[in-house]
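Sequential numbering of the sequence shown, starting at 56, is according to this note's numbering.
Cβ atoms here follow ideal geometry from the backbone N, Cα and C, with glycine treated the same way.
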Amino acid sequence: MRNAKLLKGSGIFLNEGLTKLNAEVLASVRLKDPETVERAWSFNGKLYARFRGKERSEIIDYEHFQTWLNKPWPKAVASLSYASRVSACTNRRR
56 MRNAKLLKGS GIFLNEGLTK LNAEVLASVR LKDPETVERA WSFNGKLYAR FRGKERSEII
116 DYEHFQTWLN KPWPKAVASL SYASRVSACT NRRR
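Following this line, the structure appears as structure tokens:
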């Protein structure tokens, strides 16, 4: 994982093993509010996001998990599986 940055732009992605809850929250952050969230990622089991207009990234605390999980899925993404949603998000950033 330490050398994952060497793969940047190669089309190969390394993902750390997240709990089901963390994976769902990360997908929610990435896909449910794309106008607000510039990018979201995980590192050492913690979730991070950079919001548009902010210079620094923020840790997504456990206290905010339910807020993200309760947001509605966008109509175009709601019918897709979790894996398809994550793949669609990754492909949009290229």
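Check residue i in the structure and name its three-state DSSP category.
i, result
"W96", "strand"
"E79", "helix"
"K60", "helix"
Classify residue i: buried if its beta carbon has 16 or more other beta carbons within 10 angstroms, exposed otherwise.
i, result
"S83", "buried"
"A59", "exposed"
"L81", "buried"
"L61", "exposed"
"R107", "exposed"
Under 9 Å, do residue i and residue j count as touching if we go by C-beta distance?
i, j, result
"E113", "S97", "no"
"I67", "A95", "no"
"L73", "F120", "no"
"L102", "P129", "no"
"K126", "D88", "yes"
"E118", "A104", "no"
Complete runs of the beta strand (DSSP E) confined to the segment 83-127 [at least 3 residues]: 92-98 and 101-106
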